[in-house]
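One structure is given here, and the rest of the page talks about it.
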Amino acid sequence: MRVSRPLELACALLCSGTVVNAQSPQVNLGYATYQGSTSGGINRFLGMRYGAAPTGSLRWKAPTAPPTVSGVQSATQFGDVCMATNAGPNPQGQSEDCLFVNVWAPSGAGPSSKLPVWVFIQGGGFESLASAGTDGSGAVANSGNKIVLVTLNYRVGIFGFLASSEIQANGVANAGLYDQQAALKWVQQHIAQFGGDPTRVIIHGQSAGAEAASLQLLANGGQNQGLFVGAMFESLPQITQPKVSEIQFQYDALVSNAGCGSSSDSLSCLRGLSTTALQQFNVPIVYPGQSNAPNYPYVPCVDGVFLQTGAYEAFETGKFVKVPMFFGSVTDEGTTLGAPNASSPDEIETFFQNNYPHLSSQNTSAIIAQYPENIEPAFNGHAAWFPAAELAYGDVLVTCHGLNFGKYFIQAGQPIWTYRFNVLTQSNIQSGVGVPHGFDLGAVFGGGYDNSNLTNIDQLQGYYISFVRSLNPNTFAFSGSPSWPQWNGQAGGSRLVINNNNTVVEAVPQNQMSRCAFWESLVSELEI
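Shown next, in the form of structure tokens:
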């Protein structure tokens, strides 16, 4: 069955935040009663707590239950986002007190509605929250009011991904991943109040949020806690997943910089400092022996508890929650993710060693052999070796992981689908970024494209909605959308391509799969 997109309703929702119902919806969650807002048949509950403020003695610990409060709490504005790396000591709109969820649901939905639930984990390189203002209204409306959508905040930077022996002895590494898991448990406990079905939760992440979502499949050795039944990965990276001992230097530097070096209990000293005192040192640090800091310094690590091995080993050994999955990427993932504007292969080799310190000179020479100077056409305004640099970095950071992981889902008997987003704009061409990382996010949630691309751009949202509703992107796809075949995990298998005004099916190229096999051969050195 296919449904037509309700354009008028979507426009009303996306173009106006006005509350049109005099009666504002309320929900009693036990620990708090929240009052949201209603517009265009959609209830919004924004800035609801799923955890206590992780400050002071609760820093670098798993989140705890939100405090019980009396009276009706307003849920009409997003809560503060979590403190970002390189944001300065007092960034506006950011706070350590940031563990909030947001829910969009059809007006009138309640416990008997049992609607499927879309949980979105935003990206930001584990150093910021890049999509904190995402509006779920359009997706709910365009589903025909058949879904509930949830977004969430989680700790990032030094507050979310600092790790050390001291933290492991009295807290948790990977605090940001624990935050996400706590939000998923909140959904299990409370989403029925909004009309959602806790047995029909689909997780979706974009960029670092996609990596985080994939790591939720691996949590605690792949233990299935019943938190979700499907997964959607949008530009799925695996940055690096170092051992705690390998990033102890980050903790030691913070202790020294923050003035806790002489304390007999450095962790208690850090927990006793103000947010501002810590935030000024929430900055990238160079890996020992390297020349520049990595693009993404504070990342999920192999802590032996939440993440027991690197992602590749976990998927290869079957230690993951087996669910239907689809994933996609944009054509030019590397152009805006920090690939060097290289004029020589030496610059590319140095860049990779700064970001992946276990790569040898033989490894980086092999990268250059795999990605020669003219492997792609030139990008406007960039140096001669930039195409090789962006393709190599885009492949190893994002594009190849879904293509490499797919076979493990198929071996586990799960259906998978994959897509490539290839919508070009004149401004992106002139800027020399092609189809850049994150450019499909507007297609998924609505907005951001000129009229020349609107004839088919919204089809991508329809596939996402359909997967949420049925674990199949085709069942409830928007009218006129091409049928999207499953991928067989191999070169030559089918992949959907969203072009300007044209959505088609292509074969996954052999040369792309060969490049991805090259990166899979370097998993140990890359620490992924």
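Mapping of the sequence shown onto mature numbering (1 follows the signal peptide of the UniProt record, and there is no 0): residues -22 to -1, 1 to 506, in sequence order. Note that the Cβ used here is the ideal one computed from N, Cα and C, for glycine as well.
- Message: Using a 10 Å radius around the Cβ and a threshold of 16 neighbouring Cβ atoms, would you call Ser407 buried or exposed?
- Response: To locate residue 407, count along the sequence shown from 1; it is residue 429. The question names Ser, but residue 407 is Ile in the sequence shown. Its Cβ having fewer than 16 others within 10 Å, Ile407 is exposed.
- Message: Can you find the residues in the same chain that come closer than 7 Å, C-beta to C-beta, to Ala362, ignoring five residues on each side of it along the sequence?
- Response: Translated into positions along the sequence shown, residue 362 becomes position 384. Contacts found: Ser321, Glu351.
- Message: Buried or exposed for Phe206, going by 16 or more other Cβ atoms inside 10 Å?
- Response: In the sequence shown, the residue the question calls residue 206 occupies position 228. Buried: at least 16 other Cβ atoms inside 10 Å.
- Query: Helix, strand or coil: how does DSSP classify Met61 here?
  - Reply: Position 83 of the sequence shown, counted from the first residue, corresponds to residue 61. Residue state, collapsed to three classes: coil.
- Message: Buried or exposed for Asp310, going by 16 or more other Cβ atoms inside 10 Å?
- Response: Numbered from 1 along the sequence shown, position 332 holds the residue referred to as residue 310. Per the 10 Å Cβ criterion, buried.
- Message: For the beta strand (DSSP E) containing Ile346, name the first residue and the last one.
- Response: Mapped onto the sequence shown, residue 346 falls at position 368. Run containing Ile346: none in the beta strand (DSSP E); it sits in the alpha helix (DSSP H), 339 to 348.
- Just tell me which of Ser85, Met26, Gln70 has its CA closest to the CA of Gly57. By 1-based counting over the sequence shown, the position of residue 57 is 79. Comparing Cα-Cα distances from Gly57 to each of Ser85, Met26, Gln70, the minimum goes to Met26.
- Residues near Leu36 in its chain [Cβ-Cβ closer than 7 Å; skip 5 each side]: If you number the sequence shown from 1, residue 36 lands on position 58. Closer than 7 Å at the Cβ level, and outside the excluded window around Leu36, lie Ala30, Thr42.
- Is DSSP giving Ile225 helix, strand or coil here? Taking the sequence shown and counting its residues from 1, the one referred to as residue 225 is at position 247. Helix, per DSSP.
- Would you tell me roughly how many angstroms separate the C-alpha atoms of Ser459 and Leu256, rounded to the nearest one? Within the sequence shown, the letter at position 481 stands for residue 459. Within the sequence shown, the letter at position 278 stands for residue 256. Answer to the nearest angstrom: the Cα atoms are 50 Å apart.
- Item | 8 Å CB neighbourhood of Gln392 in its chain, flanking five on each side removed | The residue given as residue 392 occupies position 414 in the sequence shown. So the qualifying residues of the chain are Lys300, Val301, Pro302, Met303.
- Message: Short of 7 Å in beta carbon distance, which residues of its chain neighbour Val446, apart from the five on each side in sequence? Order them along the chain.
- Response: Position 468 of the sequence shown, counting from 1, holds the residue named residue 446. The answer, listed in chain order, is Pro94, Trp96, Ile125, Ile180.
- Item | For Ser90 and Gly424, the rounded distance between their alpha carbons | Along the sequence shown, one-based indexing puts residue 424 at 446. Along the sequence shown, one-based indexing puts residue 90 at 112. Whole-angstrom Cα-Cα distance: 29 Å.
- Item | Between the CA atoms of Pro215 and Phe488 - distance to the nearest angstrom | As a working mapping, residue 488 is identified with position 510 in the sequence shown. As a working mapping, residue 215 is identified with position 237 in the sequence shown. Reading off the sequence shown, one finds Gln at residue 488, where the question assumed Phe. Distance between the alpha carbons of Gln488 and Pro215: 21 Å.
- Rounded distance between the beta-carbons of Ile476 and Asn434, thought under 8 Å: For the purposes of this step, residue 434 is taken as residue 456 along the sequence shown, with counting starting at 1. For the purposes of this step, residue 476 is taken as residue 498 along the sequence shown, with counting starting at 1. 7 Å between Cβ atoms; contact.
- Item | Boundaries of the alpha helix (DSSP H) in which Tyr442 is found, first to last residue | As a first step, residue 442 is located in the sequence shown; it is residue number 464 there, counting from the start. Looking at the DSSP string, the run of the alpha helix (DSSP H) that includes Tyr442 is 437 to 448.
- Local Cβ density within 10 Å of Glu105, reported as buried at 16 or more and exposed below that: Walking along the sequence shown from the start, residue 105 turns up at place 127. Looking at its Cβ environment, which holds 16 or more other Cβ atoms inside 10 Å, Glu105 is buried.
- Alpha carbon to alpha carbon, how far is Phe305 from Gly380? Give it in angstroms, no decimals. Taking the first residue of the sequence shown as position 1, residue 380 is located at position 402. Taking the first residue of the sequence shown as position 1, residue 305 is located at position 327. Distance between the alpha carbons of Gly380 and Phe305: 6 Å.
- Use the C-beta contact count for Ala347: other C-beta atoms within 10 angstroms, 16 or more gives buried, fewer gives exposed. Sequence index remark: in the sequence shown, residue 347 carries index 369 (1-based). Ala347 comes out exposed.
- Task: Flag this pair as yes or no: are the beta carbons of Asn273 and Gly103 separated by less than 9 Å?
- Result: Residue numbering aside, residue 273 sits at position 295 when the sequence shown is read from its first letter. Residue numbering aside, residue 103 sits at position 125 when the sequence shown is read from its first letter. For Asn273 and Gly103, yes; Cβs fall inside 9 Å.
- Message: With a threshold of 8 Å, are at least 3 pairs of Cβ atoms found where one atom belongs to the segment 243 to 260 and the other to the segment 179 to 194?
- Response: no
- According to DSSP, what are the bridge partners of Ala485? Here residue 485 is taken as the residue at index 507 of the sequence shown, counted from 1. Its beta-bridge partners are Ser472.
- Task: Report yes if the CB atom of Glu224 is closer than 9 Å to the CB atom of Gln184, and no otherwise.
- Result: Taking the sequence shown and counting its residues from 1, one reaches residue 224 at position 246. Taking the sequence shown and counting its residues from 1, one reaches residue 184 at position 206. No. Outside cutoff.
- Message: Taking a contact to mean a Cβ-Cβ separation below 9 Å, would you say Gln13 touches Ala53 in this structure?
- Response: Position 35 of the sequence shown holds residue 13. Position 75 of the sequence shown holds residue 53. Yes.
- Task: Verify whether the separation of the beta carbon atoms of Thr313 and Val411 is less than 9 Å.
- Result: Looking up residue 313 in the sequence shown gives position 335. Looking up residue 411 in the sequence shown gives position 433. Their beta carbons are under 9 Å apart, which means Thr313 touches Val411 by this criterion.
- Item | Pair within 9 Å by beta-carbon distance, Gly66 and Gly173 | In the sequence shown, the residue the question calls residue 66 occupies position 88. In the sequence shown, the residue the question calls residue 173 occupies position 195. Cβ distance not < 9 Å, so Gly66 and Gly173 don't count as in contact.
- Item | Residue interval of the beta strand (DSSP E) (run including Phe298) | For this step, residue 298 is matched to residue 320 along the sequence shown. From DSSP, Phe298 is part of no beta strand (DSSP E); its letter is neither H nor E.
- Query: If we count Cβ pairs, one from each stretch, closer than 8 Å, do we get three or more for the segment 323 to 338 versus the segment 263 to 277?
  - Reply: yes
- Closest by C-alpha distance to Leu500, when choosing among Thr342, Ile443, Gln258: In the sequence shown, the residue the question calls residue 500 occupies position 522. With distances taken between Cα atoms, Leu500 lies closest to Thr342.
- Query: From Ser142 to Val280, what distance separates their C-alpha atoms?
  - Reply: Taking the first residue of the sequence shown as 1, we reach residue 142 at position 164. Taking the first residue of the sequence shown as 1, we reach residue 280 at position 302. Using only the alpha carbons, I get a separation of about 11 Å.
- Message: Restricting to Cα atoms, I'd like to know which of Leu107, Ala108, Val128, Ser109 is closest to Ala117.
- Response: In the sequence shown, residue 117 corresponds to position 139, counting from 1. Residue Val128 is the option with its Cα nearest to Ala117.
- Using DSSP with H/G/I as helix, E/B as strand and the rest coil, what is Pro84? Here residue 84 is taken as the residue at index 106 of the sequence shown, counted from 1. Of the three classes helix, strand and coil, the one that applies to Pro84 here is strand, per DSSP.
- Message: Using 9 Å as the threshold, is the C-beta distance between Val277 and His415 below it?
- Response: Mapped onto the sequence shown, residue 277 falls at position 299. Mapped onto the sequence shown, residue 415 falls at position 437. No, these two residues do not count as a Cβ contact at 9 Å.
- Query: By Cβ distance below 6 Å, which residues in the same chain neighbour Gly372 in space, the five residues on each side in sequence not counted?
  - Reply: Counting from one through the sequence shown, the residue named residue 372 turns up at place 394. Around Gly372: Glu311, Gly312.
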